[in-house]
Amino acid sequence: MSTLKQSSLRKNCYTKANLKYPNPIKKSRTPILKKSPQVKGIVYRISTMSPKKPNSAVRHVAKIDLTNNLRLTARLPGKGYLCGKYNRVLVEGGRANDLPGVGYTAIRGVYDFSPVVGKVKRRSVYGVSRPSGLSKHIRRSIRT
54 MSTLKQSSLR
64 KNCYTKANLK
74 YPNPIKKSRT
84 PILKKSPQVK
94 GIVYRISTMS
104 PKKPNSAVRH
114 VAKIDLTNNL
124 RLTARLPGKG
134 YLCGKYNRVL
144 VEGGRANDLP
154 GVGYTAIRGV
164 YDFSPVVGKV
174 KRRSVYGVSR
184 PSGLSKHIRR
194 SIRT
């Protein structure tokens with residue numbers, strides 16, 4: 054027999070819209086974003102962290118004040134960056150597995166956060182636009 058709490062959860066799950074998948078309400082992995090895909094913020098401190106046990110490196114992170122009046126710690130991906138105090142950044146969900154307490158990532162190439170210089174592969178992740186003359190597809194008539 055189910056407890057009172059279990060039966061009330063079950064009753065809430067079976068709404069008309071959700072008859073097919075009767076799961077309880079799922080907890081968000083990025084609660085600070087408040088169901089937004091990205092949020093704008095202002096950097097108020099940039100520092101470095103060392104990762105958890107098997108890894109060793111110096112990872113760059115930033116403390117950010119968001120426009121929704123909350124604060125978070127976000128990682129700064131890629132090699133080298135032009136980002137300092139009072140710069141505007143766009144933050145998305147995406148945790149750094151080996152940095153405890155860092156569950157968000159700053160997006161490169163948006164607002165004041167510089168893209169990675171000289172990136173050719175995985176450019177979309179690092180905010181780099183396509184260089185002129187770079188094309189993987191060559192027309193069949195031109196191929197040799």
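Residues are numbered in my numbering as their position in the sequence shown, beginning at 1, plus a constant of 53.
All C-beta atoms, glycine included, are put in the ideal place defined by N, C-alpha and C.
Short Cβ contact (9 Å threshold) for residue i with residue j
i: Leu-125; j: Asp-165; result: no
i: Pro-130; j: Ala-159; result: yes
i: Ser-167; j: Arg-175; result: no
i: Val-163; j: Gly-137; result: no
i: Arg-128; j: Arg-141; result: no
i: Asn-121; j: Lys-87; result: yes
i: Tyr-139; j: Thr-83; result: no
CB-CB length for residue i against residue j, believed under 8 Å
i: Lys-93; j: Leu-143; result: 6 Å
i: Val-181; j: Val-169; result: 6 Å
i: Glu-199; j: Pro-90; result: Residue 199 is absent from the model: the chain starts at 54 and stops at 197.
Coarse secondary structure for residue i, derived from DSSP in three states
i: Lys-106; result: coil
i: Lys-116; result: strand
i: Lys-93; result: strand
i: Ile-191; result: coil
i: Leu-125; result: strand
Local Cβ density within 10 Å of residue i, reported as buried at 16 or more and exposed below that
i: Ile-117; result: buried
i: Ile-191; result: exposed
i: Leu-119; result: buried
i: Val-114; result: buried
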